[in-house]
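Participant: Note that UniProt numbering gives residue 8 to position 8 of the sequence shown, counting from 1, and the numbers run on in steps of one.
Sharing a structure, written as structure tokens. Questions coming.
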Amino acid sequence: MVFFAIVGRRAVKVIPYASRWWPNADRSSSIVDLRRPTRELCKHVKDVITKWKKLLKYYLADIDEEIEVILTFEEMCLESAKELSPFFTEILSNLYNEDVIQEDAILRWDDEKKDADESDKVFVKQAKGFTQWLREASEEDDD
1 MVFFAIVGRR AVKVIPYASR WWPNADRSSS IVDLRRPTRE LCKHVKDVIT
51 KWKKLLKYYL ADIDEEIEVI LTFEEMCLES AKELSPFFTE ILSNLYNEDV
101 IQEDAILRWD DEKKDADESD KVFVKQAKGF TQWLREASEE DDD
């Protein structure tokens, strides 16, 4: 079994654990069983982000750290938390809407991936509509 939790300098962390819920954890805690139906899992991730956004933002002092969170989240979705992969863009959008990750960090992450191998562009492609919307909104603000 794998659990999703908020930990230190990283917005998300996957922790392997034995065969049942963490002792004394309830469904309102920041620990989620990844075997739950995916829609419920995505909602819980959003709830965790909302609950812990001030702490997350405190540890994300600059854009480079925000980009590191996005890169770490990408890595998790590819390797250890594949259940979150279909919701990458939705969760990234929620991190943006909750002011945990800034627009500039998302756009720089997108720009840094332009010359990457196709295998490294999985989530850039998935988030294309969202990043395009951010760019267009940014251009409208400039006008």
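Heads up, the beta-carbon is just placed ideally off N, CA and C, and yes, glycines get one too.
1) To which residues of the same chain is R135 closer than 8 Å at the C-beta, ignoring the five residues directly before and after it?
2) Out of V124, L41, E139, point me to the one whose CA is closest to L84's CA.
3) Using a threshold of 8 Å, state whether the C-beta atoms of I63 and D104 are closer than that.
4) Can you find the residues in the same chain that come closer than 7 Å, C-beta to C-beta, to A127, ignoring five residues on each side of it along the sequence?
5) Distance, Cα to Cα, L78 vs K113?
Facilitator: Let me spell this out:
1) Spatial neighbours of R135 in its own chain (CB-CB distance under 8 Å, excluding positions within 5 residues in sequence) are listed in chain order as L107.
2) Taking only the C-alpha atoms, the option nearest L84 is L41.
3) A contact, by the Cβ cut-off of 8 Å.
4) Within its own chain, the residues whose Cβ lies closer than 7 Å to the Cβ of A127, once the five positions on either side in sequence are excluded, are F88, T89, L92, listed in chain order.
5) Our two residues, L78 and K113, have alpha carbons roughly 16 Å apart in a direct line.
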